[in-house]
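Participant: Residue numbers (the numbering used here), protein chains in the order written: chain E, 224 to 414; chain U, 224 to 414.
First the structure, then my questions, so here it is.
Protein chains: 2
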Amino acid sequence: MDVKTLCLAVLSHRPASGYEIKKALEEGPYAYFYRASFGSIYPALARLLGAGLVTVQAETRDRRPDKKIYHLTTEGRRALIDALHGDPAPDYFRSDFVLMMFHADLLDERHRRKLLDDRIAWLKQALDCVTKEIPFDEARKELCAGVGPDFVRGLGRAVYAAELYFLEANRDRILGRTSQTAPAAASTEGR
Amino acid sequence: MDVKTLCLAVLSHRPASGYEIKKALEEGPYAYFYRASFGSIYPALARLLGAGLVTVQAETRDRRPDKKIYHLTTEGRRALIDALHGDPAPDYFRSDFVLMMFHADLLDERHRRKLLDDRIAWLKQALDCVTKEIPFDEARKELCAGVGPDFVRGLGRAVYAAELYFLEANRDRILGRTSQTAPAAASTEGR
DNA sequence: ATTGATATATATCGATTCGATATATAAGGG
DNA sequence: CCCTTATATATCGAATCGATATATATCAAT
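See the structure below:
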């Protein structure tokens with residue numbers, strides 16, 4: 224699924240600016256399963272505009288740069304629905320954390336510990352967010368309402384909780400046995 | 224982490240051709256947490272060669288195109304270790320499946336069911352692979368040996384199992400309540 | 001014989017995306 | 001003044017993608 228479709232998806236909730244689309248993708252529920260940079264959002268919006276799948280209205284604000292609000296057209300909505308009914312591409316997952324853990328034998332103890340601690344902290348924070356339903360503002364709330372978002376929230380919770388549980392249950396395994404520090408250091412820190 | 228580092232990581236196990244690197248990334252344990260295309264692997268290898276982080280030896284084979292085997296240099300190994308000790312970038316995760324489920328209200332019942340069924344089947348197959356330790360050949364076996372790979376395998380298993388469990392426990396929720404087909408059709412298929 | 005599929009190999013193309021940067025505005029702090 | 005953060009639009013050069021090209025093999029179907 225390309226960034227054009229992603230923008231259509233965000234706009235299916237409500238009209239938004241390019242910046243707001245980025246925010247939804249970065250801080251809203253989409254952040255857990257998609258991502259896009261300004262470098263791809265603006266050209267994608269330009270293409271959507273050219274294709275008649277969105278329209279744009281400029282809003283002038285005092286002492287601020289103009290704001291462009293993009294609206295989904297009927298054709299745009301249809302294009303989105305078509306795309307959502309296509310075959311899903313395989314998940315795209317890249318994780319430095321996992322790559323580093325995979326090469327644990329090349330890592331020093333300190334770094335291994337830091338990776339685990341940071342990951343555990345991040346998972347706890349993410350679980351907190353997902354569980355809480357982020358009620359920051361109306362636009363954010365709207366994105367989170369419905370059976371689909373509920374389902375995805377539950378899925379995210381399940382997966383993050385499983386990872387957290389696994390990391391906490393197995394951290395000693397990765398910290399102890401591949402230690403390359405002196406045995407004395409290992410025995411005081413491995414326990 | 225860029226594709227250069229990824230190639231160094233694969234080569235840290237044993238020398239390999241560009242094609243073999245791709246295979247390791249596509250079918251070996253790396254497939255679950257990284258990915259790269261030929262379009263990025265070959266240019267990355269060229270850059271690594273230019274930087275002296277790898278060397279290459281051409282092997283002539285009868286009636287076959289030459290095979291280029293890339294070897295990690297000492298500097299290459301050092302560069303890899305440095306990269307692995309850096310700060311991990313945030314995970315990059317994109318999922319058409321999750322995006323589609325998030326927009327379940329826009330999907331017809333048939334498509335929703337297909338998405339779930341296919342995903343569940345894929346998860347089962349992936350769990351099977353991860354559990355089995357893929358003992359296809361020596362090169363593959365080598366990639367899977369050690370505390371790091373064990374840890375990552377366990378992590379993958381935990382996460383996939385959690386997702387599978389969640390999907391099986393909640394499929395009726397996503398199939399039933401957002402149905403937009405006639406009530407009669409829903410009641411015969413929802414069960 | 002040809003075609004299609006699959007496999008092992010190297011390589012590259014045009015399109016897309018990334019991450020950083022630029023610009024324009026605001027506010028606050030050192 | 002500079003830096004940081006925020007709200008906005010936009011673009012750059014580098015990296016990556018997915019498809020394609022080329023070169024070889026084997027096997028199966030027509």
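Note that beta-carbon positions come from the ideal geometry of N, C-alpha and C, so glycine has one too.
Tell me where the alpha helix (DSSP H) around histidine 334(E) begins and ends.
Facilitator: That run of the alpha helix (DSSP H) goes 332 to 355.
Participant: Among all the DSSP beta bridges, which residues are the ones paired with leucine 271(E)?
Facilitator: BP columns for leucine 271(E) are empty, so no partner.
Participant: Going by the DSSP bridge assignment, what does alanine 281(U) pair with across the sheet?
Facilitator: Paired residue(s): Lys291(U).
Participant: Per DSSP, phenylalanine 428(E) is paired with what?
Facilitator: Residue 428(E) falls outside the range modelled here, since chain E spans only 224 to 414, and no answer is possible.
Participant: At which residues does the alpha helix (DSSP H) containing tyrosine 388(E) begin and terminate?
Facilitator: Start and end: 370 to 399.
Participant: How should arginine 414(U) be labelled, buried or exposed, when 16 other C-beta atoms within 10 angstroms of its C-beta is the threshold for buried?
Facilitator: Only weak support exists for where arginine 414(U) lies, its pLDDT of 25 falling under 50; the coordinates are left without a value.
Participant: Are the segment 364 to 373 of chain U and the segment 324 to 340 of chain E touching, with three or more C-beta to C-beta distances below 8 angstroms?
Facilitator: The segment 364 to 373 of chain U, when compared against the segment 324 to 340 of chain E, does touch it at the 8 angstroms Cβ threshold.
Participant: Could you tell me which chain U residues have their CB closer than 8 angstroms to the CB of histidine 308(E), listed as they occur along the chain?
Facilitator: Leu330, Asp331, His334, listed in chain order.
Participant: By the 10 Å Cβ neighbour count, where 16 or more other Cβ atoms means buried, how is lysine 355(U) classified, buried or exposed?
Facilitator: Exposed is the call here.
Participant: Buried or exposed for alanine 274(U), going by 16 or more other Cβ atoms inside 10 Å?
Facilitator: That one is exposed.
Participant: Just checking: is the beta-carbon of glutamate 391(E) within a distance shorter than 8 angstroms of some beta-carbon in chain U?
Facilitator: Not an interface residue.
Participant: Taking Cβ positions, are alanine 174(E) and leucine 248(E) nearer each other than 8 angstroms?
Facilitator: The structure shown does not extend to residue 174(E), since chain E is modelled only from 224 through 414, so no value can be given for it.
Participant: Tell me which same chain residues have a C-beta within less than 6 angstroms of the C-beta of aspartate 331(U), skipping the five on either side of it?
Facilitator: Excluding residues within five positions, none has a Cβ falling inside 6 angstroms.
Participant: For a cutoff of 8 angstroms on Cβ pairs, would you count leucine 231(E) as touching chain U?
Facilitator: It does not: the Cβ of leucine 231(E) has no partner Cβ on chain U nearer than 8 angstroms.
Participant: Suppose contacts are defined by Cβ-Cβ distances below 8 angstroms. Is isoleucine 292(U) in contact with isoleucine 264(U) by that definition?
Facilitator: The answer is no: Cβ separation not under 8 angstroms.
Participant: Among Met323(U), Arg237(U), Asp305(U), Ala312(U), which one has its Cα closest to the Cα of asparagine 304(E)?
Facilitator: Going by the sequence as given, residue 304(E) is isoleucine instead of asparagine. For the residues Met323(U), Arg237(U), Asp305(U), Ala312(U), the minimum Cα distance to isoleucine 304(E) belongs to Met323(U).
Participant: Can you give me the C-alpha to C-alpha distance between arginine 286(E) and lysine 246(U), rounded to a whole angstrom?
Facilitator: Whole-angstrom Cα-Cα distance: 56 angstroms.
Participant: Please state whether the Cβ-Cβ distance between lysine 227(U) and leucine 271(U) is less than 8 angstroms.
Facilitator: Closer than 8 angstroms, so yes.
Participant: Would serine 318(E) and aspartate 314(U) qualify as a contact pair, given that the criterion is a beta-carbon distance under 8 angstroms?
Facilitator: The answer is yes: Cβ separation under 8 angstroms.
Participant: Between the beta-carbon of alanine 381(U) and the beta-carbon of glutamate 386(E), is there less than 8 angstroms?
Facilitator: It is a contact, given that the beta carbons lie within the stated cut-off.
Participant: Give a yes or no on whether the C-beta atoms belonging to valine 375(U) and valine 321(E) are separated by under 8 angstroms.
Facilitator: Their beta carbons are under 8 angstroms apart, which means valine 375(U) touches valine 321(E) by this criterion.
Participant: Can you tell me whether phenylalanine 261(U) is buried or exposed, with buried defined as 16 or more other CB within 10 angstroms of its CB?
Facilitator: Classification of phenylalanine 261(U): exposed, given that the 10 Å Cβ count is below 16.
Participant: Output the distance between the C-alpha atoms of arginine 333(E) and leucine 398(E), rounded to the nearest integer angstrom.
Facilitator: Between arginine 333(E) and leucine 398(E), the C-alpha separation is close to 9 angstroms.
Participant: Using a beta-carbon distance below 8 angstroms, is serine 263(E) in contact with chain U?
Facilitator: Closer than 8 angstroms: no.
Participant: Alpha carbon to alpha carbon, what distance is there between alanine 302(E) and arginine 336(E)?
Facilitator: Roughly 47 angstroms between the two C-alpha positions.
Participant: Looking only at DSSP bridge pairs, what is alanine 302(E) linked to?
Facilitator: According to DSSP, which records beta bridges pairwise, alanine 302(E) is partnered with nothing at all.
Participant: What does DSSP give as the partner residue(s) for alanine 239(E) in the beta ladder?
Facilitator: Tyr293(E), per the DSSP bridge assignment.
Participant: Report the residue from Cys352(E), Leu295(E), Lys347(E) whose alpha carbon sits nearest the alpha carbon of phenylalanine 389(E).
Facilitator: Of Cys352(E), Leu295(E), Lys347(E), the residue nearest in Cα terms is Lys347(E).
Participant: Who are the Cβ neighbours of tyrosine 383(E) in its own chain at under 8 angstroms, not counting the five residues just before and after it?
Facilitator: So the qualifying residues of the chain are Leu346, Ala349, Leu350, Val353.
Participant: Could you spell out the range, first to last residue, of the alpha helix (DSSP H) harbouring leucine 329(E)?
Facilitator: First-last for leucine 329(E): undefined, no H or E at that position.
Participant: Please report how far the alpha carbon of phenylalanine 359(E) lies from the alpha carbon of histidine 294(U), in whole angstroms.
Facilitator: Because phenylalanine 359(E) sits at a pLDDT of 49, beneath the cut-off of 50, its placement in the model cannot be relied upon, and the following sentence gives the value as read from the coordinates. Looking at the two C-alpha atoms, the distance is approximately 52 angstroms.
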